[in-house]
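**Q** In the working numbering, the protein residues as written are 127 to 257. My questions will all concern the structure given below.
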């Protein structure tokens, strides 16, 4: 299951490495496919949010730009009734245009995002990290 759901440590290691290399990055959007009947995904989200905004941890991790100022996730998108089907499209567009993308290499959604990112002119593979 580690390949489907990377550990919090693996995810944080990837975020930390990118935050050190890109001090201008201060926003994190977490894509996930969980609904409220998947409480473990939401628990992971809240742990990630706390970790990337904890000043003491950020100092130990060596962030140059300080903690993340904004952390959002799929479930926090302001969708109205009947717009739920658009959440995936919004996530894909956010990931396609993001400065950095950290994805799960075993995910079909990650594969689609990679194809879109690599198809654009001037794309760089160093902005893509797979867990």
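Positions of the beta carbon are idealized from the N, C-alpha and C atoms, including for glycine.
At the level of alpha carbons, what is the spacing between residue 219 and residue 212?
**A** C-alpha separation (whole angstroms): 11 Å.
**Q** Tell me which residues share the same chain as residue 237 and place their Cβ nearer than 6 Å to its Cβ, disregarding the 5 neighbours each side in the sequence.
**A** There are no such residues.
**Q** DSSP three-state call for residue 151: helix, strand or coil?
**A** Correct three-state label for residue 151: coil.
**Q** With residue 184 as the anchor, note down where its alpha helix (DSSP H) starts and where it stops.
**A** Residue 184 -> alpha helix (DSSP H) spans 181–187.
**Q** If we ignore side chains and look at the alpha-carbon of each, how far apart do residue 253 and residue 244 end up?
**A** One C-alpha to the other measures close to 10 Å.
**Q** Tell whether a beta-carbon distance below 7 Å holds between residue 230 and residue 257.
**A** Yes, the Cβ-Cβ distance between residue 230 and residue 257 is below 7 Å.
**Q** Using DSSP with H/G/I as helix, E/B as strand and the rest coil, what is residue 137?
**A** Here residue 137 sits in helix by DSSP.
**Q** On the criterion of 16 or more Cβ atoms from any shown chain inside 10 Å, does residue 200 qualify as buried, or is it exposed?
**A** Looking at its Cβ environment, which holds 16 or more other Cβ atoms inside 10 Å, residue 200 is buried.
**Q** Just grab the DSSP bridge partners of residue 228 for me.
**A** Beta-bridge pairing links residue 228 to 255.
**Q** Using the beta-carbon count (16 or more within 10 Å), is residue 171 buried or exposed?
**A** It is buried - the Cβ of residue 171 has at least 16 other Cβ atoms within 10 Å.
**Q** Under 6 Å Cβ to Cβ from residue 217, same chain only, skipping five residues before and after it: list those, please.
**A** The answer, listed in chain order, is 157, 200.
**Q** Considering only residues of the same chain and omitting the five flanking positions on each side of residue 155, which have a CB-CB separation below 6 Å?
**A** Taken in chain order, the residues that qualify are 198, 220.
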